[in-house]
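Following: one structure in structure tokens, then a few remarks.
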Amino acid sequence: MVDAVPTGAETAAEPAPPAYDLAGRVAVVSGGASGIGYATAEALIGAGAQVVVADIDPTAGQKAADTLGAWYAELDVTSSADWARLVENATKVFGGIDIGFLNAGVDTGGAGLDSLTDAAYRRIMAINVDGVVYGARALAPAIERRGGGRLVATASLAGLVALPRDPIYTATKHAVVGLVRALAPELAGRGITIHAVCPGLTDTPLLGGAKAYLEEQGMPLLTPPDIAAAVLGCLRSTETGQAWVVQAGREPLMYKFRGVPGPAGGVRPPKDFRDPEI
42 MVDAVPTGAE TAAEPAPPAY DLAGRVAVVS GGASGIGYAT AEALIGAGAQ
92 VVVADIDPTA GQKAADTLGA WYAELDVTSS ADWARLVENA TKVFGGIDIG
142 FLNAGVDTGG AGLDSLTDAA YRRIMAINVD GVVYGARALA PAIERRGGGR
192 LVATASLAGL VALPRDPIYT ATKHAVVGLV RALAPELAGR GITIHAVCPG
242 LTDTPLLGGA KAYLEEQGMP LLTPPDIAAA VLGCLRSTET GQAWVVQAGR
292 EPLMYKFRGV PGPAGGVRPP KDFRDPEI
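Put into structure tokens, the structure is as follows:
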């Protein structure tokens, strides 16, 4: 006798994949001496992970590591040699790396196009973009050797919408979001998920003198622990390639990107789209 084929209603739903367990994992946190990096390192340790606080400031970095019970590594995120050395040393100390939080970042202080110096431009690009590229490139093979793991990069709402007061910062954070989305398929084949966390205004040293003004205007500010909680959510998630929006008073949510229209035949735009002289 042939067994009846169950209908969709009778078929049990596929079980959701288990959340990624952070206990016992080894995590590298760049920019870990303060702000979002410090809060995330603290949250990871609270979840049972071992943490490498990586920061360019040896005094602040060592103090943070001592306070948290973490391990400190001096790191200039713009140096691929520093990243290679960090991976080598962390592997010797902990046996491997499972998680990378690519968090170090700066802004231009609101410099517009006319006031932007070459040095300021190169600095923000090197830290905000090169730091994520070099970090992902250095950490991915180490994470893969552990059977897979997690990467998260700190972007910003300025990675999803324009921030007129700092156009170059906006450009760097758009680059981070685009990089994360484009890397996700490649890294998925290596057992690694990657996400971008995109916070709104957050009470960190990056706000500088703007904090008092924002508070006077009644603007709600996120706290570093708010962002840390979102980062841990990204790490536990089985999704990949997502940009997670974090706003005051809301649960973090995945940003829904719109697609672009495909070609409609022909090899050139419609005639009325082009300059008549072309």
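Take 42 as the starting number for the sequence shown in our numbering and just add one per residue.
For every residue, glycine included, the Cβ atom is placed at its ideal position computed from N, Cα and C.
Just so we're clear, the structure is a prediction, and the values are computed from it rather than from any experiment.
Output the residue ranges of the beta strand (DSSP E) runs that lie fully inside the segment 90-145 and measure 3 residues or longer, sorted by chain position. 91-96, 112-115, 140-143
Given that a residue counts as buried once 16 or more other Cβ atoms are within 10 Å of its Cβ, and exposed if not, what is Asn-144? Numbered from 1 along the sequence shown, position 103 holds the residue referred to as residue 144. Under this definition Asn-144 is a buried residue.
Would you please state the rounded distance, in angstroms, between the beta carbons of Ile-140 and Leu-276? I believe it to be under 8 Å. For this step, residue 140 is matched to residue 99 along the sequence shown. For this step, residue 276 is matched to residue 235 along the sequence shown. The pair is a contact, with the Cβ atoms about 6 Å apart (cut-off 8 Å).
Taking Ala-64 as the reference, give the member of Gly-89, Ala-82, Tyr-79 with the closest Cα. Start at 1 with the first residue of the sequence shown, and residue 64 comes out as number 23. Nearest C-alpha to Ala-64: Gly-89.
Based on DSSP bridge pairs, tell me the residues matched to Val-272. For the purposes of this step, residue 272 is taken as the residue at position 231 of the sequence shown. None, per the DSSP bridge assignment.
Determine the direct distance from the alpha carbon of Leu-263 to that of Ser-121, and round the result to whole angstroms. Here residue 121 is taken as the residue at index 80 of the sequence shown, counted from 1. Here residue 263 is taken as the residue at index 222 of the sequence shown, counted from 1. C-alpha separation (whole angstroms): 32 Å.
Taking buried to mean at least 16 other C-beta atoms within 10 Å of its own C-beta, is Ala-50 buried or exposed? Position 9 of the sequence shown, counting from 1, holds the residue named residue 50. Because the pLDDT of Ala-50 is 43, which lies under 50, any placement of that residue in the model is unreliable, and the question is left without a value.
Under a three-way DSSP split, which group does Val-174 fall into? The sequence position of residue 174 within the sequence shown is 133, counting from 1. Note: Val-174 maps to helix in three-state DSSP.
What's the gap between the Cα of Gly-200 and the Cα of Val-93? Numbered from its first residue, the sequence shown carries residue 200 at position 159. Numbered from its first residue, the sequence shown carries residue 93 at position 52. Going from the Cα of Gly-200 to the Cα of Val-93 covers about 27 Å.
Following the continuous beta strand (DSSP E) through Ile-168, name the residue where it begins and the one where it ends. Along the sequence shown, read from residue 1 onward, the residue named residue 168 stands at position 127. From DSSP, Ile-168 is part of no beta strand (DSSP E); its letter is neither H nor E.
Flag this pair as yes or no: are the beta carbons of Ala-271 and Val-301 separated by less than 7 Å? The residue labelled residue 271 in the question sits at position 230 within the sequence shown. The residue labelled residue 301 in the question sits at position 260 within the sequence shown. It is not a contact, given that the beta carbons lie outside the stated cut-off.
Where does Pro-226 fall in DSSP's three states? Counting from 1 along the sequence shown, the entry for residue 226 is found at position 185. Three-state DSSP puts Pro-226 in a helix.
Quick check on the burial criterion: 16 or more other C-beta atoms within 10 angstroms. Buried or exposed for Ser-156? Counted from its first residue, the sequence shown places residue 156 at position 115. Classification of Ser-156: exposed, given that the 10 Å Cβ count is below 16.
Is it buried or exposed for Lys-214, if we count other Cβ within 10 angstroms and need 16 for buried? Your numbering for residue 214 matches position 173 in the sequence shown. That one is buried.
Assign Leu-242 to one of three DSSP states: helix, strand, or coil. As a working note, residue 242 is residue 201 in the sequence shown. Reduced to three states, the DSSP call for Leu-242 is coil.
Could you tell me if Thr-281 is buried or exposed, where buried requires 16 or more neighbouring beta carbons within 10 angstroms of its beta carbon? Against the sequence shown, residue 281 aligns to sequence position 240. It counts as buried.
Output yes or no for whether 7 Å exceeds the beta carbon distance between Val-69 and Ile-138. Along the sequence shown, read from residue 1 onward, the residue named residue 69 stands at position 28. Along the sequence shown, read from residue 1 onward, the residue named residue 138 stands at position 97. Yes; because the gap between Cβ atoms is below 7 Å, this pair is in contact.
Can you tell me the Cβ-Cβ gap for Trp-124 and Gly-176, rounded? I've got them flagged as a contact below 8 Å. As a first step, residue 124 is located in the sequence shown; it is residue number 83 there, counting from the start. As a first step, residue 176 is located in the sequence shown; it is residue number 135 there, counting from the start. Correct: roughly 6 Å between the Cβ atoms.
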